[in-house]
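Remarks on the structure that follows.
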Amino acid sequence: MAGGAFSVEKGGKEFRGKFTGYVLLSCILAASGGLMFGYDVGISGGVTSMDDFLGKFFPVVLAKKRRATATESSYCKYDNQGLQAFTSSLYIAGLVATFAASFVTRRFGRKPSMLTAGVFFLVGVVFNAAAMNLAMLIIGRIMLGCGVGFANQAVPLYLSEIAPTRFRGGLNILFQLNVTIGILFANLVNYGTQRIHPWGWRLSLGLAGIPASLLAVGSLLLCETANSLIERGHLERGKAVLKKIRGTDDVDEEFEEMVEVSRIAKEIKHPFRNIIKREHRPQLVIAISLQVFQQFTGINAIMFYAPVLFQTLGFKNDASLYSAVITGAVNVLSTVVSILSVDKFGRRALLLEAGFQMFIPQVLIAILLATGLHGGKQLSHPSAIIVVLMICLFVSGFAWSWGPLGWLIPSEIFPLEIRSAGQSITVCSNLFFTFVIAQSFLSMLCHFKYGIFLFFAGFVVIMTIFVYFLVPETKGIPIEEMVFVWRKHWLWKRFVPASDAKDVILEVAAKHPDPDKDQQFNGIKHQNGLPQSY
Ligand SMILES: OC[C@H]1O[C@](O)(CO)[C@@H](O)[C@@H]1O
Numbered sequence: 000m001a002g003g004a005f006s007v008e009k010g011g012k013e014f015r016g017k018f019t020g021y022v023l024l025s026c027i028l029a030a031s032g033g034l035m036f037g038y039d040v041g042i043s044g045g046v047t048s049m050d051d052f053l054g055k056f057f058p059v060v061l062a063k064k065r066r067a068t069a070t071e072s073s074y075c076k077y078d079n080q081g082l083q084a085f086t087s088s089l090y091i092a093g094l095v096a097t098f099a100a101s102f103v104t105r106r107f108g109r110k111p112s113m114l115t116a117g118v119f120f121l122v123g124v125v126f127n128a129a130a131m132n133l134a135m136l137i138i139g140r141i142m143l144g145c146g147v148g149f150a151n152q153a154v155p156l157y158l159s160e161i162a163p164t165r166f167r168g169g170l171n172i173l174f175q176l177n178v179t180i181g182i183l184f185a186n187l188v189n190y191g192t193q194r195i196h197p198w199g200w201r202l203s204l205g206l207a208g209i210p211a212s213l214l215a216v217g218s219l220l221l222c223e224t225a226n227s228l229i230e231r232g233h234l235e236r237g238k239a240v241l242k243k244i245r246g247t248d249d250v251d252e253e254f255e256e257m258v259e260v261s262r263i264a265k266e267i268k269h270p271f272r273n274i275i276k277r278e279h280r281p282q283l284v285i286a287i288s289l290q291v292f293q294q295f296t297g298i299n300a301i302m303f304y305a306p307v308l309f310q311t312l313g314f315k316n317d318a319s320l321y322s323a324v325i326t327g328a329v330n331v332l333s334t335v336v337s338i339l340s341v342d343k344f345g346r347r348a349l350l351l352e353a354g355f356q357m358f359i360p361q362v363l364i365a366i367l368l369a370t371g372l373h374g375g376k377q378l379s380h381p382s383a384i385i386v387v388l389m390i391c392l393f394v395s396g397f398a399w400s401w402g403p404l405g406w407l408i409p410s411e412i413f414p415l416e417i418r419s420a421g422q423s424i425t426v427c428s429n430l431f432f433t434f435v436i437a438q439s440f441l442s443m444l445c446h447f448k449y450g451i452f453l454f455f456a457g458f459v460v461i462m463t464i465f466v467y468f469l470v471p472e473t474k475g476i477p478i479e480e481m482v483f484v485w486r487k488h489w490l491w492k493r494f495v496p497a498s499d500a501k502d503v504i505l506e507v508a509a510k511h512p513d514p515d516k517d518q519q520f521n522g523i524k525h526q527n528g529l530p531q532s533y
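Numbering that gives the first Met the number 0 puts the first residue of the sequence shown at 0, with every later residue one more than the last.
Structure representation (structure tokens):
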């Protein structure tokens, strides 16, 4: 997942610089920020399916669950606003915190934001693990949410600034990979702690302290990024940091460019007003739609509530947690597939293939539940196995498409002047729709019953059609040439203004890459106040 400014600068210039110890440390940081986010996603479902936890905070739900086992339909046994608020409060807090984080990150630097995230996480973990009542539990989740807001804003930005250019794209997906590892880790922890009575859930919530401490301590050890120092006027310190992280004194060219980029960025007074201009409509529509659709695949119904969902389908307690571990593992492995194939097959191929791969299992699950859940209570053993297999098929389709690409594509399409605003909008849209799903899924399950899977399947059809007609391929397209992608598109060309002289020359230069043209290309960028890597 990306907060600040992960960017895949394929057309960017490669400066000298090794993969130094600092860069390695920053990857560990990415791991802790992503792990923390994933852990929070994965932990709530297992905990809310534990009777000890329900008995302490949601006795009404526990009573309903026991009644459901004996008599009523099980679709509604977890339908409770408080239980949903326990899960969703984190995302709404994260959404609000993103705005504060954006200010702190710009004004005071990336380090203070990461430290703030770590501190919020640690306070949240203490509140949650020690919770004596619902208020402490929710306050803890809100603190964790603030941590997510700060971490998701600052960590990816930090990484994209500290890593040598050629690693930036990879780090984008690495963050999502760590989210999936965090989810799997949480599922494994829940599987172990459900046997510890009556405080296993405290251990589940408390173990989030590990990635939280890593982030807090890491942010104290690491240096501020050169970009941030330059942006805030500390040019000499910025250069010194650049030498240190690149492991060479030969950084003048990169430094000059950073100064230039920072000058241009400062000239853009109203990026948010700029981004709503008609000419940026394609990027805006695509970035927001990818977030809406990513969440309306129904993935988080599974990631948040898998154990609860499996129990609803008649699985026993540990079988449901065990199944959540399986889906978590499929999620991680398929994200690795995405990393290996996204630049080979392209974004569209993965998204379109996944459309089928997510649609079919959802429809099959709905059919199995409609015909197999007798009296709404118990699924036969073979049907239960098929349901788990179908959920794995669905999760793997998501994990090599909408999961990572929901972040990668927005990071590739916004032009420099609105890239940071574009990323903020992307992150906020994601958190908002994650909140919507978290707050409504259990109620939707109660009302729609097996139809919930048809509801998400319907969205999968819509999003696949959307991709087919409206999302152009961005594989291998340098950011400075992205404008031609819109110009050639049957619909988006209506929004992107007709070529002016600068664009014509840029287009010629881009189409005929030879040394002379490259020089011409760079000269034009210079005349127009654009940095070389634009
Ligand atoms: O791996 C699944 C996870 O990935 C995300 O979509 C973030 O990109 C989360 O909302 C979800 O929980």
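Cβ coordinates follow ideal geometry from the N, Cα and C atoms, glycine included.
Residue span of the alpha helix (DSSP H) that contains residue i, given as start and end
| i | result |
| --- | --- |
| LYS265 | 251-266 |
| VAL341 | 316-344 |
| TYR467 | 450-469 |
| VAL147 | 133-161 |
| LYS242 | 234-245 |
| PHE52 | 50-56 |
| LYS487 | 481-487 |
| CYS445 | 415-447 |
| VAL122 | 109-128 |
| VAL103 | 80-106 |
| GLU411 | 401-412 |
| GLN193 | No alpha helix (DSSP H) contains GLN193, which DSSP labels as neither H nor E. |
| PRO477 | Segment: none, PRO477 is in no alpha helix (DSSP H) and carries neither H nor E. |
| CYS75 | Element bounds for CYS75: n/a, residue is neither H nor E. |
| SER203 | 199-205 |
| PHE271 | 270-274 |
| LEU388 | 380-398 |
| THR224 | Element bounds for THR224: n/a, residue is neither H nor E. |
| LEU283 | 280-295 |
| LEU490 | Neither: LEU490 is in no alpha helix (DSSP H) and is coded neither H nor E. |
| LEU312 | Per DSSP, LEU312 belongs to no alpha helix (DSSP H) and is neither H nor E. |
Cβ of residue i within 8 Å of any chain D Cβ
| i | result |
| --- | --- |
| ALA383 | Among the chains of the structure shown, chain D does not appear; only one protein chain is present. |
Spatial distance of residue i from residue j (CA atoms)
| i | j | result |
| --- | --- | --- |
| THR86 | ALA383 | 26 Å |
| ARG236 | GLY205 | 39 Å |
| PHE57 | TYR77 | 10 Å |
| ALA500 | ARG486 | Summary for ALA500: the model assigns pLDDT 48, below 50, so the residue's position carries little reliability; its value from the coordinates is reported in the next sentence. Those two C-alpha atoms are separated by around 15 Å. |
| THR19 | GLY246 | 6 Å |
| LEU415 | SER337 | 26 Å |
| ILE42 | SER203 | 7 Å |
| LEU89 | ILE287 | 21 Å |
| ARG231 | THR104 | 11 Å |
| ILE444 | SER25 | In the sequence under discussion, the amino acid at residue 444 is Leu, which differs from the Ile named in the question. Rounded to whole angstroms, LEU444 to SER25 spans 41 Å at the Cα level. |
| ILE464 | PHE454 | 16 Å |
| PRO111 | ILE451 | 43 Å |
| LEU351 | PRO477 | 23 Å |
| PHE483 | ALA116 | 39 Å |
| ALA456 | ILE229 | 48 Å |
| TRP198 | GLU479 | 55 Å |
Proximal residues to residue i (C-beta, below 8 Å), its chain only, five neighbours per side dropped
| i | result |
| --- | --- |
| LEU241 | ALA225, VAL250, GLU253, PHE254 and MET257 |
| ASN273 | ILE267, HIS279, GLU416, ILE417 and ALA420 |
| LEU187 | VAL324 and GLY327 |
| ILE285 | ILE408, PRO409, ILE412, LEU469 and VAL470 |
Same chain, Cβ closer than 6 Å to residue i, five either side skipped, listed in chain order
| i | result |
| --- | --- |
| GLN438 | GLN83 and SER87 |
| ASP248 | LYS242 |
| ALA92 | ILE141, GLY144 and CYS145 |
| SER227 | GLY108 and ARG109 |
| CYS222 | VAL240 |
Cβ neighbours of residue i in the same chain (closer than 7 Å, five flanking residues each side left out)
| i | result |
| --- | --- |
| ILE180 | LEU34, GLY37 and VAL331 |
| ALA96 | GLY144, CYS145, GLY148 and PHE149 |
| VAL387 | SER322 and ILE325 |
| GLY139 | GLY123, PHE126, ASN127 and ALA130 |
| GLU472 | GLY345, ARG346 and ARG347 |
Presumed contact (8 Å Cβ cut-off) between residue i and residue j, rounded CB distance
| i | j | result |
| --- | --- | --- |
| ASN171 | TRP399 | With a Cβ gap of about 15 Å, ASN171 and TRP399 do not count as contacting. |
| GLN310 | ILE436 | With 8 Å as the limit, GLN310 and ILE436 do not qualify as a contact, their Cβ atoms being about 19 Å apart. |
| GLY345 | LYS474 | 4 Å |
| GLN361 | VAL460 | Contact flag wrong, Cβ pair sits at about 10 Å. |
| SER319 | SER395 | Contact flag wrong, Cβ pair sits at about 20 Å. |
| ASP51 | HIS269 | Not confirmed; about 52 Å, so no contact. |
| ILE161 | VAL22 | 6 Å |
| LEU121 | SER261 | The Cβ separation is near 33 Å, so there is no contact. |
| GLY44 | TYR304 | 5 Å |
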